[in-house]
Amino acid sequence: MTARRRTAILISGRGSNMAALLEAAANPEFPAEVVLVLSNKPGAGGLARAAEADVPTQVIDHRGFATRADFDTAVDEVLEAAGIELVVLAGFMRLLTPAFVEKWLGRMVNIHPSLLPSFKGVHVHEQALQAGVRFSGCTVHFVTADMDAGPIIGQAVVPVVPGDTADTLAARTLGAEHRLYPAAVGLVASGQARLEDGHTVYDGDAWTAVTLS
Ligand code: GAR
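Under my numbering, the first residue of the sequence shown carries the number 54, and numbering increases by one thereafter.
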């Protein structure tokens, strides 16, 4: 077996996607090894969940930095010190500077709770309900300087049901996120999905693992 990718998960909140990834990574065959969970919020619920799973945690409170660049530099130093090879954003609600994104290009992924390119940013489920779409879902993508716009690695579809509220749609979507994200991180960590010339390319039929309905 080739070495597992040393992976950091960046969170800002409850960390349910992080928990799904930790569960997948508990299998020694999973190609990513989670060696660090980093939060920009001291009270993030995911920190306790990571500690329960014996994964080292670190807080870098963004409020302690004058600029985004200073915060990103501090994050980068921690990632380098931990020998991180793959950065996984999981409900990390800070915009990253172009310099940081460029440095980690092809080695940093994010999950977003819509079928991109629809409904970027925040209040995603409200946007979907307002638009009246019959299907929503979630997207895993490589992170680029443009928010929620990097090359798509995988998507999962969920129906929008009459009577849905933002909360019910969010909960249904989250279930799909927990299936999609471990599959997508596994493909990227193993090199079966990778960024080439601004597009995601796959080995063989590996894409089928991250095209979920
Ligand atoms: C998830 O739904 C994730 O897709 C979303 O935040 C939630 C975090 O939940 N991320 C974004 O909206 C990023 N733009 P979690 O902390 O339980 O994983």
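Just so it is clear, CB atoms sit at the ideal spot from N, CA and C, and this is done for glycine as well.
Local conformation of Leu265 per DSSP, three classes: The answer is strand: DSSP assigns Leu265 an E or B state.
Please classify Arg187: does DSSP put it in a helix, a strand, or coil? DSSP places Arg187 outside both helix and strand once states are collapsed to three, so it counts as coil.
Under 8 Å, do Leu74 and Ile64 count as touching if we go by C-beta distance? Taking the C-beta atoms as reference points, Ile64 is found no nearer than 8 Å to Leu74.
Given the structure, does His165 come close to the ligand GAR, in the sense that its CB is under 7 Å from one of the ligand's heavy atoms? Relative to the ligand GAR, His165 has its C-beta within less than 7 Å of a heavy atom.
On the criterion of 16 or more Cβ atoms from any shown chain inside 10 Å, does Thr197 qualify as buried, or is it exposed? It is buried - the Cβ of Thr197 has at least 16 other Cβ atoms within 10 Å.
Can you tell which of Leu148, Trp157 and Asp114 has its C-alpha closest to the C-alpha of Glu133? Of the candidates Leu148, Trp157 and Asp114, Trp157 places its Cα closest to the Cα of Glu133.
Supposed contact pair Asp201 and Lys173 - C-beta distance, whole angstroms, cut 8 Å: Contact holds; Cβ gap of about 4 Å.
Quick one, are the C-beta atoms of Cys191 and Gln208 less than 8 Å apart? The answer is yes: Cβ separation under 8 Å.
What are the boundary residues of the alpha helix (DSSP H) that includes His231? Counting along the chain, the alpha helix (DSSP H) containing His231 begins and ends at Ala219 to Ser243.
Contact under 8 Å by Cβ, His194 with Val154: For the pair His194 and Val154, the CB atoms are not nearer than the 8 Å cut-off.
Residue interval of the alpha helix (DSSP H) (run including Val131): Note, Val131: alpha helix (DSSP H), Arg121 to Ala134.
Option in Asp129, Asp114, Leu169 and Thr126 with minimal Cα separation from Met146: The candidate whose alpha carbon is nearest that of Met146 is Asp114.
Assign Val214 to buried or exposed, taking buried as 16 or more other Cβ atoms, counted over all protein chains shown, within 10 Å of its Cβ. The Cβ neighbour count for Val214, taken over all protein chains shown within 10 Å, is under 16; the residue is labelled exposed.
Is it buried or exposed, Asn80, if we count other Cβ atoms within 10 angstroms and call 16 or more buried? By the Cβ neighbour-count rule, Asn80 is exposed, with fewer than 16 other Cβ atoms within 10 Å of its own.
Closer than 7 Å: is that where the CB of Asn70 sits relative to any heavy atom of the ligand PLP? Annotation note on the ligand PLP: not contained in the displayed structure, which lists the ligand GAR as its ligands.
Between which two residues does the alpha helix (DSSP H) carrying Thr70 extend? Note that residue 70 is Asn in the sequence shown, not Thr. Taken as a continuous stretch (DSSP letters only), the alpha helix (DSSP H) holding Asn70 covers Ser69 to Ala78.
Going by other Cβ atoms of all chains shown within 10 Å of its Cβ, with 16 needed for buried, is His231 buried or exposed? Here His231 is buried. Its C-beta has 16 or more other C-beta atoms within 10 Å.
Considering Cα atoms alone, identify which of Ala242, Thr261, Tyr255 and Val263 is closest to Ala56. Closest by C-alpha distance to Ala56, out of Ala242, Thr261, Tyr255 and Val263, is Ala242.
Given a threshold of 16 other Cβ atoms within 10 Å of its Cβ, counted over all protein chains shown, does Val266 qualify as buried or as exposed? Per the sequence presented here, residue 266 reads as Ser, with Val not at that position. The residue is exposed, with fewer than 16 neighbouring Cβ atoms inside 10 Å.
Measuring CB to CB, does Ala223 end up less than 8 Å from Leu182? No, these two residues do not count as a Cβ contact at 8 Å.
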